[in-house]
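K.L.:
Following the working numbering, the numbering of the sequence shown begins with 286 at its first residue and continues without gaps. In this text, a Cβ means the ideal position worked out from N, Cα and C, and glycines have one as well.
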Amino acid sequence: MRPTESFPGPKSTPSSRPQPCSAPESAPERQAEPGAPGESEGQVALAVIAGVEIERLDDASMAVGTTPDGRAVMVAGALPGEVLTMRVVRTSRRTGLLYGQIQEVTRPSPDRVPSPCANFLRCGGCDLLHANTEAQHRFKERKVSSALASLGVRVSKIVPAPANFGYRAFAKFVVETSGSLGSYGPHSHDVVSMSGCVVHAPEIEAIAENVRAWLHARAGPLDLRYVLMRASTLTRTVAITLVSRREEAEGLTSLVEHLKDDARVARIGLHANATEGDALLGDAPVRTNFDRGPLEERLDDIVHYIVEGAFSQVNPTAAARAYRLVSQLAMPVVGARVLDLYAGSGGIALRLLADGALHVVAVESSAAAIEAARNAAAANREGGLSLYAEPVEAFLRRMPPPESRYDVVVANPPRKGLSPTVLEGLARLSWERLVYMSCNPSSLARDLEDLGRLDPRIRFVSAHPVDLFPQTKHVETVVLAERVAQR
Ligand SMILES: C[S@@+](CC[C@H](N)C(=O)[O-])C[C@H]1O[C@@H](n2cnc3c(N)ncnc32)[C@H](O)[C@@H]1O
286 MRPTESFPGP KSTPSSRPQP CSAPESAPER QAEPGAPGES EGQVALAVIA
336 GVEIERLDDA SMAVGTTPDG RAVMVAGALP GEVLTMRVVR TSRRTGLLYG
386 QIQEVTRPSP DRVPSPCANF LRCGGCDLLH ANTEAQHRFK ERKVSSALAS
436 LGVRVSKIVP APANFGYRAF AKFVVETSGS LGSYGPHSHD VVSMSGCVVH
486 APEIEAIAEN VRAWLHARAG PLDLRYVLMR ASTLTRTVAI TLVSRREEAE
536 GLTSLVEHLK DDARVARIGL HANATEGDAL LGDAPVRTNF DRGPLEERLD
586 DIVHYIVEGA FSQVNPTAAA RAYRLVSQLA MPVVGARVLD LYAGSGGIAL
636 RLLADGALHV VAVESSAAAI EAARNAAAAN REGGLSLYAE PVEAFLRRMP
686 PPESRYDVVV ANPPRKGLSP TVLEGLARLS WERLVYMSCN PSSLARDLED
736 LGRLDPRIRF VSAHPVDLFP QTKHVETVVL AERVAQR
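#1: Taking the alpha-carbon positions, what's the Glu-426 to Thr-757 distance?
#2: Does the beta-carbon distance from Leu-241 to Leu-708 come in below 9 Å?
#3: To the nearest angstrom, how far is the alpha carbon of Val-760 from that of Leu-610?
#4: Under 9 Å, do His-501 and Gly-470 count as touching if we go by C-beta distance?
#5: If you measure between the beta carbons of Ile-591 and Ala-639, is that distance less than 9 Å?
#6: What residues are listed by DSSP as bridge partners for Tyr-384?
#7: Could you check how far apart the C-beta atoms of Gly-631 and Ala-652 are, in whole angstroms? I think they sit under 8 Å.
#8: Quick one: what's Glu-461 bridged to in DSSP?
#9: Can you give the Cα-Cα distance for Thr-391 and Val-360, rounded to whole angstroms?
#10: Under 8 Å: does the beta carbon of Leu-626 sit that close to some heavy atom of ligand 1?
#11: First and last residue of the beta strand (DSSP E) that includes Glu-649?
#12: Does the beta-carbon distance from Ala-615 to Val-720 come in below 9 Å?
#13: Could you pull the start and end residues of the beta strand (DSSP E) that Leu-544 belongs to?
#14: Identify whether Asp-625 lies in helix, strand or coil by the three-state DSSP scheme.
#15: Return yes when the Cβ of Arg-666 is within less than 9 Å of the Cβ of His-644, no when it is not.
#16: Is it true that the region 556 to 573 meets the region 526 to 537, where meeting means three or more beta-carbon pairs spaced less than 8 Å apart?
#17: Just to confirm the assignment, what range does the alpha helix (DSSP H) spanning Val-496 have?
#18: Quick one: using the 10 Å Cβ neighbour count with 16 as the cut-off for buried, is His-415 buried or exposed?
#19: Which of helix, strand or coil does DSSP assign to Tyr-673?
#20: Go ahead and label Gly-481 buried or exposed: buried means 16 or more other beta carbons lie within 10 angstroms of its beta carbon, across all protein chains shown.
#21: Is Arg-790 helix, strand or coil by DSSP?
#22: Closest to Ala-551 by CA distance: which of Leu-566, Gly-594, Leu-540, Arg-515 is it?
#23: Can the beta-carbon of Arg-606 be found less than 9 Å from the beta-carbon of Val-695?
#24: Please work out which residues of its chain come closer than 8 Å, Cβ to Cβ, to Ser-435, disregarding the five sequence neighbours upstream and downstream, and give them in chain order.
#25: What do you reckon, is the C-beta of Gly-632 under 8 Å from a heavy atom of ligand 1?
#26: Return the bridge partner residues of Phe-575 from the DSSP annotation.
#27: Check this for me: beta carbons of Leu-507 and Gly-536, under 9 Å apart or not?
#28: Gly-470 by DSSP, collapsed to three states: which one?
#29: Under 8 Å by Cβ, that's how I've got Val-512 and Leu-466 pegged, so tell me the actual separation to the nearest angstrom.
#30: Hey, would you say the C-beta of Met-684 is under 8 Å away from at least one heavy atom of ligand 1?
#31: Just mark Glu-582 as buried or exposed, buried being the case when its beta carbon has 16 or more other beta carbons within 10 Å.
#32: If you measure from the CB of Phe-596, is any heavy atom of ligand 1 nearer than 8 Å?
#33: Given this structure, state the Cα-to-Cα distance separating Ala-634 from Asp-343, to the nearest angstrom.
#34: Tell me, please, which residues DSSP counts as bridged to Val-693.
#35: Taking only the alpha-carbon atoms, compute the straight-line gap between Ala-664 and Ala-628 and give it to the nearest angstrom.
#36: Cβ of Met-722 within 8 Å of any heavy atom in ligand 1?
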């Protein structure tokens, strides 16, 4: 399970690593080895150590603790204050750090809950299924606070998600031709079944079971690498992309025919990706094979369209809360002129217009997303939206001075954050408020620090964690910055 993602389309750029916000096109989900990047491994000492005390979780939700003889350990699936027996699976030659697997929790934390998932810590998805909601919230609030500490910004309580399970409207499955449909386990290419996934939307789970049954029953060769699904919480239907190695994929026609009979399937796209590695998509376009019409979504009272090639939030109901928060922070009064950078399919722009923005200029590099925003604006009968299908860098570079005056700038970039060109453009641009929404506290902090250096008039007013990705270590954050007038 991975937080936010775009539904794949022709313009998608493959990446080698699963990325919550914006680079979804890699297979689910081979995690990094525990420990510092580049750390060398020592010999595996298969010792079992009792009495390990857990002190804290690091930002990746790995539990950090100490053995009775004072050696530092890291272990997944434990909580602060717990005492446990662990098996050492790896040691770091450089630091002496021991990486362990829990054998027994001898003193459980009051925050511990039984994981509802049989594949917890095996599928590489949710990291915090063993912690209750309050503990997950504390972890995320602390993660945001520590990332933003240097800004001196006030961090508020986390905005909870409307649902902690069954919320995930986007899924990517690795196919094992033996019949398994799942994800790569941590540190391996073994496919771990995601059957019964507790965070996927129920429609996705139902169709995944349908595909599994078909895989088990079929005979003959099959060219199918990945199955990608995007569900609408409004229509309860699903768009599917089947990724094969070759265009003339063996055995796929009968799967497509089988899926067409499922009333929950709204669209089927086919994509050929012969590249090695974990990239979900290659350069070829997604060919629409079956189409019951565009996938419509509704966030609060606003209609949106989910289209291939355009980003859409994986947790639509929680995203609606984040959009409301962005709008409240951006517009203490109605009638604002807003620049919405990294606008996607217009989710934030349409919320701002519905809440009384005078005019929103939305900039987004995906033409498919801009087209979806245009259609959604028409469906919502919203005027006042100007759309630019181009990179933010290009937009800011060529902006002539008279156009460059806004009351508010909203930025919701991909996980990697803002480029130097965008930071410099933002510092040059005339605005009073900046609302920055990010799924990556580290790049958020880095960008805001850089922005503060580029323009000393900027003050960071408040930061608001939002639980867009329950059961995982990921957290969305919305920050309000203001420019104070110079005397
Ligand atoms: C995290 S998503 C946010 C989308 C939208 N605000 C939403 O909530 O759905 C980031 C968006 O930035 C777009 N993007 C990435 N790099 C870009 C760039 N350099 N210029 C413009 N858009 C970009 C992606 O296509 C994606 O739609």
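P.N.:
To lay it out plainly:
#1: In the sequence shown, counting from the first residue as 1, residue 426 sits at position 141. In the sequence shown, counting from the first residue as 1, residue 757 sits at position 472. If I take the Cα positions, the gap works out to 13 Å.
#2: Nothing about residue 241 can be read from this structure; the chain reaches only from 286 to 772.
#3: Along the sequence shown, read from residue 1 onward, the residue named residue 760 stands at position 475. Along the sequence shown, read from residue 1 onward, the residue named residue 610 stands at position 325. Using only the alpha carbons, I get a separation of about 15 Å.
#4: Mapped onto the sequence shown, residue 501 falls at position 216. Mapped onto the sequence shown, residue 470 falls at position 185. Taking the C-beta atoms as reference points, Gly-470 is found no nearer than 9 Å to His-501.
#5: Numbered from its first residue, the sequence shown carries residue 591 at position 306. Numbered from its first residue, the sequence shown carries residue 639 at position 354. With respect to Ala-639, Ile-591 sits apart: the two C-beta atoms are not nearer than 9 Å.
#6: The residue given as residue 384 occupies position 99 in the sequence shown. Beta-bridge pairing by DSSP links Tyr-384 to Met-359, Arg-375.
#7: Counted from its first residue, the sequence shown places residue 631 at position 346. Counted from its first residue, the sequence shown places residue 652 at position 367. Their Cβ separation, rounded to whole angstroms, is 13 Å, which puts Gly-631 and Ala-652 out of contact at 8 Å.
#8: By 1-based counting over the sequence shown, the position of residue 461 is 176. Ser-465, per the DSSP bridge assignment.
#9: Translated into the one-based positions of the sequence shown, residue 391 becomes position 106. Translated into the one-based positions of the sequence shown, residue 360 becomes position 75. Roughly 15 Å between the two C-alpha positions.
#10: Within the sequence shown, numbered from 1, the residue matching residue 626 stands at position 341. For ligand 1, at least one heavy atom lies less than 8 Å from the Cβ of Leu-626.
#11: Start at 1 with the first residue of the sequence shown, and residue 649 comes out as number 364. Glu-649: member of the beta strand (DSSP E) spanning 644 to 649, first to last residue.
#12: Residue numbering aside, residue 615 sits at position 330 when the sequence shown is read from its first letter. Residue numbering aside, residue 720 sits at position 435 when the sequence shown is read from its first letter. If you check the CB distance, Ala-615 and Val-720 come in under 9 Å.
#13: Taking the first residue of the sequence shown as position 1, residue 544 is located at position 259. According to the DSSP assignment, Leu-544 belongs to no beta strand (DSSP E) but to the alpha helix (DSSP H) extending over 537 to 545.
#14: Position 340 of the sequence shown, counted from the first residue, corresponds to residue 625. In the structure shown, Asp-625 sits in a strand (DSSP, three-state: E or B).
#15: For the purposes of this step, residue 644 is taken as the residue at position 359 of the sequence shown. For the purposes of this step, residue 666 is taken as the residue at position 381 of the sequence shown. The answer is no: Cβ separation not under 9 Å.
#16: Two segments are said to touch when three or more pairs of C-beta atoms, one from each, lie closer than 8 Å; by this definition the region 556 to 573 touches the region 526 to 537.
#17: As a position in the sequence shown, residue 496 is number 211, starting the count at 1. 487 to 502 is the extent of the alpha helix (DSSP H) around Val-496.
#18: Within the sequence shown, the letter at position 130 stands for residue 415. His-415 counts as buried, since no fewer than 16 other beta carbons sit within 10 angstroms of its beta carbon.
#19: Stepping through the sequence shown from its first residue, residue 673 is reached at position 388. In the three-state reduction of the DSSP assignment, Tyr-673 falls in the strand class.
#20: Along the sequence shown, one-based indexing puts residue 481 at 196. With fewer than 16 neighbouring CB atoms inside 10 Å of its own CB, Gly-481 falls in the exposed class.
#21: Because the chain here runs from 286 to 772, residue 790 falls outside it and cannot be looked at.
#22: Within the sequence shown, residue 551 is the residue found at index 266, counting from 1. Of the candidates Leu-566, Gly-594, Leu-540, Arg-515, the one whose C-alpha sits nearest the C-alpha of Ala-551 is Arg-515.
#23: Along the sequence shown, read from residue 1 onward, the residue named residue 606 stands at position 321. Along the sequence shown, read from residue 1 onward, the residue named residue 695 stands at position 410. Against a cut-off of 9 Å, the Cβ pair of Val-695 and Arg-606 comes out as no contact.
#24: Within the sequence shown, residue 435 is the residue found at index 150, counting from 1. The residues are Ala-730, Glu-734.
#25: Counting from one through the sequence shown, the residue named residue 632 turns up at place 347. Flag set: Cβ of Gly-632 near ligand 1.
#26: Walking along the sequence shown from the start, residue 575 turns up at place 290. DSSP output for Phe-575 lists Ile-553 as bridge partner(s).
#27: For the purposes of this step, residue 507 is taken as residue 222 along the sequence shown, with counting starting at 1. For the purposes of this step, residue 536 is taken as residue 251 along the sequence shown, with counting starting at 1. Leu-507 is a Cβ neighbour of Gly-536, given a cutoff of 9 Å.
#28: Numbered from 1 along the sequence shown, position 185 holds the residue referred to as residue 470. Coil, per DSSP.
#29: For the purposes of this step, residue 512 is taken as the residue at position 227 of the sequence shown. For the purposes of this step, residue 466 is taken as the residue at position 181 of the sequence shown. The C-beta distance from Val-512 to Leu-466 rounds to 6 Å, short enough to meet the 8 Å contact threshold.
#30: Along the sequence shown, read from residue 1 onward, the residue named residue 684 stands at position 399. Not so, every heavy atom of ligand 1 lies at least 8 Å from the Cβ.
#31: By one-based count along the sequence shown, residue 582 stands at place 297. Glu-582 counts as buried, since at least 16 other C-beta atoms from the protein chains shown sit within 10 angstroms of its C-beta.
#32: Position 311 of the sequence shown, counted from the start, is the residue given in the question as residue 596. Flag set: Cβ of Phe-596 near ligand 1.
#33: To locate residue 634, count along the sequence shown from 1; it is residue 349. To locate residue 343, count along the sequence shown from 1; it is residue 58. About 35 Å.
#34: Here residue 693 is taken as the residue at index 408 of the sequence shown, counted from 1. In DSSP, Val-693 forms a bridge with Val-623, Arg-718.
#35: Translated into positions along the sequence shown, residue 664 becomes position 379. Translated into positions along the sequence shown, residue 628 becomes position 343. So the two alpha carbons sit approximately 18 Å from each other.
#36: Translated into the one-based positions of the sequence shown, residue 722 becomes position 437. Answer for Met-722: yes, Cβ within range of ligand 1.
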